[in-house]
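Student: First the structure, then my questions, so here it is.
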Amino acid sequence: SATSFAQKITLSEKNAPFEKILNEIRKQTGYNFLYNTPMLSEAKPVSIEVTDQPLNDVLKLCFKDQPLAYTIKSNTIIIKRKSDPPAPVIVNQPKQAITVTGKVVDEKNLPLPGVSVRIKGAQTGTVTNVDGVYTIEAPTGTETLVFTFIGFATKEVPVNSKAKLDVQLLPENQSLSEVVVVGYGTQSKVTLTGAVSQVKASEIVTTKNENVQNMLTGKIAGVRVVQNTAEPGTFTNTFDIRGLGNPLVVIDGVPRDNITRLDPNDVESISVLKDASAAVYGVRGANGVVLVTTKKGKKGATEFNYSGNFTLQVPSGLPQGQDAISYMTLRNEIAKHNVNGGTVAFAPSAFEQYLNGTKTSTDWFTPVIKKSVPQTQHNLSASGGNETTSYFASLGYTAQDGFLRTGDLNYKRYNLRSNITSKVTKDLTLDLNIVGILDEKNQPYNDAASIIRSFWRQNPLDNIYANNNPEYLF
């Protein structure tokens, strides 16, 4: 209790650390202090001069102008931060709203139904009715209404406390005037009604791959690309439109077998015809048509462009082999549960040799498979033209290494393209397109899948080399 401690305190300190003052009080009174140590770093130095003063009076002097407060419970003094004064309560007055109404029309002053009308910076909104009329409650202080409609440019209109706002939206010509290749011609998006999807060169090259088909994955609705293997130079993808079989591929108006060896840097756009738009190709287009348009030259001075990339490929999904202990354990389990009975294949002494380090498990993966392999792509192109003739020429190089450490699985490809367009007369234009592809694939006698399957099944108890010496092979 408090009566068992000396209650009179004598202190004489000048700019003393706060913690020192607390320790001195504890020594003279026997009271303990309870606090969070980091708080004391916020306390100010204390200057005090008292003789035989009561504890409470001394504490008041010490805590004066400090960011800390104290309470006394039994023989313990609890220190805490001073509570911030309660913030004044602000009663939110309900905002008065004004009713804004109006009509939304197009460039021909015809009403636009279904236009989205919302308050900028808020979730409040509405849509126009069949007559293009809208009504919205706008709180006082609303500055702007935002009008949006597919195919039309978004428009922001200041409210300025007006109760009536009529708005005219203009077509977004940039997107509607884009040209899409359909069949043997082109068509503007604004008049396009068929199921045609298009992907441009800038979207295609965001994926780095030696196969253009793989680069289309996830970029065109309804187009399914399944990469069956990543083995260099192996083009066995599953490629279809809406699951209906292989589509017809047409490059610059010429039917081809596929686009797997095409240099992606030569592609201007790829259009996919999914419905009656493909009817012009007859029965060959029954599964859809993929139309590839390559780059052409433009009027102007000659422009040279270079693009290159270096990527590292990492194997994924490889099955992991078992070490010696796991292998012997599983073999013994098989013997124990054999319906015909049987003796275990490995005695406890066999396990002991691997547990004490006398023998080590054989890692069949590391000596065969690399952790990563490089893939490089380079492309150099030139384009230009004048009033009558334009040209585009490019040279591409692709190299991909395989994961086998022997280095005898790799692929190289050279692409050459020359597109020349000449306007002979007002109504006659000639195109001369020259394409050359030279590729080379090196591979072992057995395919990569067979090699992986072979070492995957190897016994971890067997050595790769005779006497574990790499200079000798079995």
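For the record, in the sequence shown the residue sitting at position 370 is 359 according to the numbering used here, with numbers rising by one throughout. Ideal placement from N, C-alpha and C gives every residue a C-beta, glycine not left out.
1) In this structure, what does DSSP give as the bridge partners for F141?
2) Quick one: give me the first and last residue of the beta strand (DSSP E) that N321 is part of.
3) Quick one: grab the DSSP three-state call for Q364.
4) Which residue marks the beginning of the beta strand (DSSP E) containing T282, and which one marks its end?
5) Distance, Cα to Cα, P27 vs S36?
6) In its own chain, which residues sit with a C-beta less than 6 Å from the C-beta of T418, not counting the 5 before and 5 after it?
7) Rounded C-beta distance between N254 and G385? I'm assuming under 8 Å.
8) For the structure I just gave you, are there three or more beta carbon pairs, one from the stretch 192 to 201 and one from the stretch 358 to 372, closer than 8 Å?
9) Closer than 7 Å by C-beta to K325: which residues in its own chain qualify, once you throw out the five before and the five after it? Chain order, please.
10) Might you give, ordered along the chain, the residues of its own chain that have their beta carbon closer than 7 Å to the beta carbon of N235, omitting 5 neighbours on each side?
11) Closest by CA to Y59, which one among L23, E38, E31, E13?
12) What does a CB cutoff of less than 8 Å around F136 pick up in its chain, not counting 5 residues either side in sequence?
13) Does the count of Cβ pairs from the stretch 343 to 363 and the stretch 378 to 395 closer than 8 Å reach three?
14) Would you say the stretch 217 to 226 touches the stretch 239 to 252, given that touching needs at least three Cβ pairs under 8 Å?
15) Strictly by DSSP, which residues pair up with N399?
16) Can you tell me whether G121 is buried or exposed, with buried defined as 16 or more other CB within 10 angstroms of its CB?
17) Less than 7 Å between the C-beta atoms of P128 and A86, yes or no?
18) Which of helix, strand or coil does DSSP assign to V333?
19) Hey, L134 and K109 are a contact pair by Cβ (cut 8 Å); roughly how many whole angstroms apart?
20) Assuming T117 and P102 are in contact, meaning their beta carbons sit under 8 Å apart, how far apart are those beta carbons, in whole angstroms?
21) Within this structure, are the beta carbons of N21 and T65 separated by less than 7 Å?
22) In chain order, which alpha helix (DSSP H) runs of at least 4 residues are fully inside the stretch 35 to 116?
23) With a threshold of 6 Å on Cβ separation, who are the neighbours of T115 within its own chain once the five nearest residues in sequence on each side are excluded?
24) Could you check what DSSP says for S1 in three-state terms: helix, strand or coil?
25) Where in the stretch 184 to 245 do unbroken runs of the beta strand (DSSP E), each at least 3 residues long, occur, reported from the N-terminal end onward?
26) Between which two residues does the alpha helix (DSSP H) holding N12 run?
27) Counting pairs of Cβ atoms below 8 Å between the stretch 335 to 354 and the stretch 302 to 314, do you hit three or more?
28) Compare the beta carbon distance of P56 and K69 with 7 Å and say whether it is the shorter of the two.
29) For V201 versus L237, is the C-beta distance shorter than 7 Å?
30) When the Cα of G211 is compared with those of S439, E429, I(-2), G232, which residue comes out closest?
31) Just to check my reading of the structure: T282 and S258 have Cβ atoms closer than 8 Å, yes? What is that Cβ distance to the nearest angstrom?
32) Quick check: the Cα distance between G271 and R406, rounded to an integer number of angstroms?
33) On a CA-only basis, which of S383, K287, T387 is nearest N298? Give me that one, please.
34) Span of the beta strand (DSSP E) holding I259?
35) Taking just the CA atoms, how far does Q17 sit from N45?
36) On the three-state DSSP scale, how would you describe A275?
Tutor: In this structure, then:
1) Per DSSP, the beta bridge partners of F141 are F138, P160.
2) Unbroken run through N321 is the alpha helix (DSSP H), 313 to 325; no beta strand (DSSP E).
3) When secondary structure is reduced to three states using DSSP, Q364 falls in the strand class.
4) For T282, the enclosing beta strand (DSSP E) has its first and last residue at 278 to 283.
5) Each residue's alpha carbon lies about 21 Å from the other.
6) The answer, listed in chain order, is K412.
7) Correct: roughly 6 Å between the Cβ atoms.
8) Short answer: they touch.
9) Closer than 7 Å at Cβ, skipping near neighbours: V333.
10) Correct list, in chain order: F228, D229, N276.
11) It is L23.
12) Excluding positions up to five away in sequence, the list reads V93, V104, S105, V106, T143, K144, E145, V146, V156, L158.
13) Segment contact: the stretch 343 to 363 against the stretch 378 to 395, three or more CB-CB distances shorter than 8 Å; contact assigned.
14) The answer is yes - the stretch 239 to 252 touches the stretch 217 to 226, with three or more Cβ pairs under 8 Å.
15) Per DSSP, D390, N431.
16) Buried is the call here.
17) Yes, they are a contact pair.
18) The answer is coil: DSSP assigns V333 none of H, G, I, E or B.
19) Indeed, because the Cβ distance is near 7 Å, the residues count as touching under 8 Å.
20) With a contact defined as Cβ atoms closer than 8 Å, T117 and P102 qualify at about 6 Å.
21) Closer than 7 Å, so yes.
22) Counting only runs of 4 or more, we get 44 to 51.
23) Closer than 6 Å at the Cβ level, and outside the excluded window around T115, lie V106, Y123, I125.
24) Collapsing the DSSP output to three states places S1 in a strand.
25) Counting only runs of 3 or more, we get 185 to 189, 212 to 215, 227 to 230, 237 to 240, 243 to 245.
26) From DSSP, the alpha helix (DSSP H) with N12 extends over 7 to 18.
27) Touching, yes.
28) In terms of Cβ geometry, P56 and K69 do not form a close pair [threshold 7 Å].
29) Using a Cβ distance threshold of 7 Å, V201 and L237 do not count as a contacting pair.
30) Checked all of S439, E429, I(-2), G232; the closest Cα to G211 is G232.
31) Cβ-Cβ separation between T282 and S258: approximately 5 Å, consistent with a contact (criterion under 8 Å).
32) Taking the Cα positions, G271 is about 29 Å away from R406.
33) Among S383, K287, T387, the Cα nearest to that of N298 is on T387.
34) Counting along the chain, the beta strand (DSSP E) containing I259 begins and ends at 256 to 262.
35) Going by the C-alpha atoms only, they are around 13 Å apart.
36) If DSSP states are grouped into helix, strand and coil, A275 belongs with coil.
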